[in-house]
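Peer 1:
Number of protein chains: 2
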Amino acid sequence: MSLYSPLEDRQLLAVDCVIYGFDNHELKLLLIKRNMEPGKGMWSLMGGFSKQNEGLYQAAERVLKQLTGLQNVYLEQLFAYGDVDRDPGERVVSVAYYSLIKIEDYDKDLVKENNAHWRPVSDIPDLVFDHREMVDKALKRLRRRARIQPIGFELLPEKFTMPQLQSLYEAIYQKDLDKRNFCKKIISMDLLDKLDEKDKSSSKKGAFLYRFNPEKYQELVSKGFYFSVDV
Amino acid sequence: MSLYSPLEDRQLLAVDCVIYGFDNHELKLLLIKRNMEPGKGMWSLMGGFSKQNEGLYQAAERVLKQLTGLQNVYLEQLFAYGDVDRDPGERVVSVAYYSLIKIEDYDKDLVKENNAHWRPVSDIPDLVFDHREMVDKALKRLRRRARIQPIGFELLPEKFTMPQLQSLYEAIYQKDLDKRNFCKKIISMDLLDKLDEKDKSSSKKGAFLYRFNPEKYQELVSKGFYFSVDV
DNA sequence: TATTTAAGTGTTAAAATTACACTTTAGTTT
DNA sequence: AAACTAAAGTGTAATTTTAACACTTAAATA
């Protein structure tokens, strides 16, 4: 028996995931073309109901894994959407999360099964319910976060080049950056290990590969360091 | 009948409010000394259950009004807390909100009825459940927001002096600020109307009163202006 | 009228940000 | 093998922003 409140106050709780990827040119979202009601045929975020015996964050992890096969990736709560009529089916409160994944890593079969597709953030189709609001808020959040926390690396492969990193920031902020200033700033923070390898996929000369060093970052943070990229 | 999911997936949803006030010296929170179970005798945030026919934000507004009598004040969603065992009574997901109120305005009788008290943020007692987490996150959020959005004014009377405003920022960031630099920066943003009145309550000379001008702010924002205070 | 107390005000030095263009590398073409 | 191409890599100077700092003013009170 409940300590609290009658059955009629109990509500359906869902989680929805805004999933970001970066293909070296554009920032993209993984969206579902729904083949179930409500909103059949429309685009939506991947979502699912939150279970009684599972934390909200765990529910988001489960939903993310269901679609991408990925675990232990960047996943952060965005906002709880609780307007009475947000879902035309019935009252559902949805907690949105956003995730940053390495676009090479996801499970192609699962994505196909779920009828999901990568869509550039600059060209998001109409979405069901209030999912467009979620997407807009997620983009604002990413833009706020990415300049003050080293989360951009979550969208890049383990090893990446300076031009790749710059192009990621340019994609996030839709703004051209000066490569000298950008590189200077990034290098000066001393968070990256420069490798002896080059990536030659995008130029004859090749570009040196770098790797984000989380230990260095933690070390610096404990000394009062604040990550910051000028955009 | 439900389109969706069985009854056993329905959950209790609550809202909790972190309520800030500023008494010209300290930043304070309005906390409840609970006289009901669970956690009877302990301190907690003011909260309540979210109803089926009421949006989350409306639930937070209702709870805030229940305790303070106030409506149409600054109220923003903080975070949804959804760990399975966060409430020892039973599974309850709680969406925390934080509010900034003018400390003169609240309804003293309601506060007394609810057994609530103002406590300085520098001296928060032990709190029930995960309310301490909520409080900590709220303070971080306030600190992040107050330097980039003109929300400090929500904690001050309609008319306030420059020293009052400075003292508010000093209370939020627990840091002494240089009054010349502070004043210069605030004035330079051109968001305040300087009145011909002085407040003499804290000095013989008296200090000029100012008023935040939201229209000016909106006007500037539409031209690409970003509020910012150095702390 | 002398004293007290908080309000009010400007300048200079340091640091951070922005603007800007040529050289290097190595594969490809002639 | 020499010339060409295309992206990577690199430094300096000007500007803007931030930080540091101390005396004068106003008005009530003694």
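Sequence order for the protein chains is A and B.
Taken in order, the first sequence gives residues 2 to 232; the numbers are from our numbering.
Taken in order, the second sequence gives residues 2 to 232; the numbers are from our numbering.
All C-beta atoms, glycine included, are put in the ideal place defined by N, C-alpha and C.
Here the structure is a predicted model, which is why all the values come from computation and not from measurement.
When DSSP builds the beta bridges, which residues end up paired with B/Ile120?
Peer 2: Translated into positions along the second sequence, residue 120 of chain B becomes position 119. In the sequence under discussion, the amino acid at residue 120 of chain B is Arg, which differs from the Ile named in the question. Answer is B/Leu30, bridged to B/Arg120.
Peer 1: Between which two residues does the alpha helix (DSSP H) carrying A/Leu101 extend?
Peer 2: The sequence position of residue 101 of chain A within the first sequence is 100, counting from 1. Counting along the chain, A/Leu101 falls outside any alpha helix (DSSP H), though it belongs to the beta strand (DSSP E) covering 93-101.
Peer 1: In chain order, which continuous runs of the beta strand (DSSP E) of length 3 or greater are located wholly inside the segment 69-93 of chain A?
Peer 2: Runs of the beta strand (DSSP E) inside the segment 69-93 of chain A: 75-82.
Peer 1: For a contact meaning CB atoms closer than 8 Å, what does A/Ala147 contact in chain B?
Peer 2: Translated into the one-based positions of the first sequence, residue 147 of chain A becomes position 146. Result: empty, since nearest Cβ-Cβ is about 15 Å, beyond 8 Å.
Peer 1: Closer than 7 Å by beta-carbon distance: list the chain A residues that pair up with B/Ala208, in chain order.
Peer 2: Here residue 208 of chain B corresponds to residue number 207 of the second sequence, with the count starting at 1. Those do not exist, as B/Ala208 stays about 34 Å from chain A at its closest Cβ, beyond 7 Å.
Peer 1: Could you check whether the Cβ of A/Lys217 sits closer than 8 Å to any Cβ belonging to chain B?
Peer 2: Reading the first sequence from its first residue, position 216 is the one you call residue 217 of chain A. Closer than 8 Å: no.
Peer 1: Do B/Asn73 and B/Ser168 have their C-beta atoms within less than 8 Å of each other?
Peer 2: Residue numbering aside, residue 73 of chain B sits at position 72 when the second sequence is read from its first letter. Residue numbering aside, residue 168 of chain B sits at position 167 when the second sequence is read from its first letter. No, these two residues do not count as a Cβ contact at 8 Å.
Peer 1: Say whether chain B places a C-beta atom closer than 8 Å to the C-beta of A/Asn54.
Peer 2: Residue 54 of chain A sits at position 53 when you count from the first residue of the first sequence. A/Asn54 counts as touching chain B.
Peer 1: Determine, for A/Ser51, whether the minimum Cβ-Cβ distance to residues of chain B falls below 8 Å.
Peer 2: Indexing the first sequence from 1 puts residue 51 of chain A at position 50. With 8 Å as the cut-off, A/Ser51 counts as an interface residue toward chain B.
Peer 1: Just how far apart, CA to CA, sit A/Gln59 and A/Leu65?
Peer 2: In the first sequence, counting from the first residue as 1, residue 59 of chain A sits at position 58. In the first sequence, counting from the first residue as 1, residue 65 of chain A sits at position 64. So the alpha carbons of these two residues sit roughly 10 Å apart.
Peer 1: Sort B/Val85, B/Gly153, B/Gln219 by Cα distance to B/Ile104 and report the nearest one.
Peer 2: Taking the first residue of the second sequence as 1, we reach residue 104 of chain B at position 103. When each option's Cα is compared against that of B/Ile104, the closest is B/Gly153.
Peer 1: Please classify A/Met2 as buried or exposed, where buried requires at least 16 neighbouring CB atoms within 10 angstroms.
Peer 2: Looking up residue 2 of chain A in the first sequence gives position 1. Caution is warranted here: a pLDDT of 42 is assigned to A/Met2, below 50, making its placement in the model unreliable, and the coordinate value is therefore given only provisionally. The residue in question, A/Met2, is exposed, as its Cβ has fewer than 16 Cβ neighbours within 10 Å.
Peer 1: Thinking C-alpha only, which one of B/Arg212, B/Lys201, B/Gly207 is nearest B/Asp191?
Peer 2: Here residue 191 of chain B is taken as the residue at index 190 of the second sequence, counted from 1. Of the listed residues, the one whose Cα sits closest to B/Asp191 is B/Arg212.
Peer 1: For B/Ser95, which residues of its own chain have a beta-carbon under 6 Å away from its beta-carbon, when the five flanking residues on both sides are left out?
Peer 2: For the purposes of this step, residue 95 of chain B is identified with residue 94 of the second sequence, where counting begins at 1. Ala15, Asp17, Tyr82, listed in sequence order.
Peer 1: How big is the Cα-Cα spacing for A/Arg11 and B/Gly56?
Peer 2: As a position in the first sequence, residue 11 of chain A is number 10, starting the count at 1. As a position in the second sequence, residue 56 of chain B is number 55, starting the count at 1. Spanning the two alpha carbons is a distance of roughly 14 Å.
Peer 1: I need the straight-line Cα distance from A/Leu97 to A/Glu77, nearest angstrom please.
Peer 2: As a first step, residue 97 of chain A is located in the first sequence; it is residue number 96 there, counting from the start. As a first step, residue 77 of chain A is located in the first sequence; it is residue number 76 there, counting from the start. One detail in the question is off: residue 97 of chain A reads as Ala in this sequence, not Leu. Taking the straight line from one Cα to the other gives about 9 Å.
Peer 1: Can you pull out the residues from the segment 87-119 of chain A whose beta carbon lies closer than 8 Å to at least one beta carbon of chain B?
Peer 2: Going along the segment 87-119 of chain A in chain order, one finds Gly90, Glu91, Arg92, Val93, Val94, Val96 with a Cβ nearer than 8 Å to chain B.
Peer 1: Count the other CB atoms within 10 Å of the CB of B/Val222; is the residue buried (16 or more) or exposed (fewer)?
Peer 2: Here residue 222 of chain B corresponds to residue number 221 of the second sequence, with the count starting at 1. Exposed, because fewer than 16 other Cβ atoms sit within 10 Å of the Cβ of B/Val222.
Peer 1: B/Ala172 bridges to which residues according to DSSP?
Peer 2: On the second sequence, position 171 is the one that residue 172 of chain B refers to. None, per the DSSP bridge assignment.
Peer 1: Counting along the chain, where does the beta strand (DSSP E) carrying A/Leu210 start and finish?
Peer 2: The residue you call residue 210 of chain A lines up with position 209 of the first sequence. Where A/Leu210 is concerned, the enclosing beta strand (DSSP E) stretches over 208-213.
Peer 1: Quick one: give me the first and last residue of the beta strand (DSSP E) that A/Asp194 is part of.
Peer 2: What you label residue 194 of chain A is simply residue 193 of the first sequence in a count that begins at 1. Per DSSP, A/Asp194 belongs to the beta strand (DSSP E) from 193-200.
Peer 1: Look at the Cβ atom of B/Tyr99, then the Cβ atom of B/Leu128, and state whether they are nearer than 8 Å.
Peer 2: Residue numbering aside, residue 99 of chain B sits at position 98 when the second sequence is read from its first letter. Residue numbering aside, residue 128 of chain B sits at position 127 when the second sequence is read from its first letter. Cβ atoms of B/Tyr99 and B/Leu128: not closer than 8 Å.
Peer 1: For A/Asp106, which option in A/Ile125, A/Gly70, A/Glu91 has the closest C-alpha, if you only look at C-alpha atoms?
Peer 2: Stepping through the first sequence from its first residue, residue 106 of chain A is reached at position 105. For the residues A/Ile125, A/Gly70, A/Glu91, the minimum Cα distance to A/Asp106 belongs to A/Gly70.
Peer 1: Compare the C-beta of B/Gln67 against all C-beta atoms of chain A and say whether one is closer than 8 Å.
Peer 2: For the purposes of this step, residue 67 of chain B is taken as residue 66 along the second sequence, with counting starting at 1. No, B/Gln67 does not count as interfacial toward chain A.
Peer 1: Considering only the alpha carbon of each residue, which of B/Leu193, B/Asp84, B/Asp86, B/Leu178 lies closest to B/Tyr218?
Peer 2: Walking along the second sequence from the start, residue 218 of chain B turns up at place 217. The option with the nearest alpha carbon to B/Tyr218 is B/Leu193.
Peer 1: A/Glu9 touches chain B at which residues, Cβ-Cβ below 7 Å?
Peer 2: Position 8 of the first sequence, counted from the first residue, corresponds to residue 9 of chain A. Gln53, listed in chain order.
Peer 1: Quick check: the Cα distance between B/Ala61 and B/Ile149, rounded to an integer number of angstroms?
Peer 2: To locate residue 61 of chain B, count along the second sequence from 1; it is residue 60. To locate residue 149 of chain B, count along the second sequence from 1; it is residue 148. So the alpha carbons of these two residues sit roughly 24 Å apart.
Peer 1: Within 8 Å (strictly less), CB to CB, does B/Tyr58 reach chain A?
Peer 2: Position 57 of the second sequence, counted from the first residue, corresponds to residue 58 of chain B. B/Tyr58 counts as touching chain A.
Peer 1: Could you spell out the range, first to last residue, of the beta strand (DSSP E) harbouring A/Lys52?
Peer 2: By one-based count along the first sequence, residue 52 of chain A stands at place 51. Unbroken run through A/Lys52: none, as it is neither H nor E.
Peer 1: With distances taken Cα to Cα, identify the nearest neighbour of B/Tyr75 among B/Ile102, B/Pro121, B/Leu111, B/Asn54.
Peer 2: Position 74 of the second sequence, counting from 1, holds the residue named residue 75 of chain B. Checking every option, the nearest Cα to that of B/Tyr75 belongs to B/Ile102.
Peer 1: B/Phe80 touches chain A at which residues, Cβ-Cβ below 7 Å?
Peer 2: As a first step, residue 80 of chain B must be located in the second sequence, where it is residue number 79. Neighbours of B/Phe80 on chain A, chain order: Gln78.
Peer 1: If you check the beta carbons only, do A/Phe183 and A/Lys195 fall under 8 Å apart?
Peer 2: Mapped onto the first sequence, residue 183 of chain A falls at position 182. Mapped onto the first sequence, residue 195 of chain A falls at position 194. No, the pair does not count as a contact, with Cβ atoms beyond the cut-off.
Peer 1: Suppose you measure from the CA of A/Gly48 to the CA of B/Leu13; what does that come to, to the nearest Å?
Peer 2: Within the first sequence, numbered from 1, the residue matching residue 48 of chain A stands at position 47. Within the second sequence, numbered from 1, the residue matching residue 13 of chain B stands at position 12. Between A/Gly48 and B/Leu13, the C-alpha separation is close to 20 Å.
Peer 1: Going along chain A, which residues have a C-beta under 7 Å from B/Asp84?
Peer 2: In the second sequence, the residue the question calls residue 84 of chain B occupies position 83. Within 7 Å Cβ-Cβ: Gly56.
Peer 1: Tell me where the alpha helix (DSSP H) around B/Leu143 begins and ends.
Peer 2: In the second sequence, the residue the question calls residue 143 of chain B occupies position 142. First-last of the alpha helix (DSSP H) with B/Leu143: 132-147.
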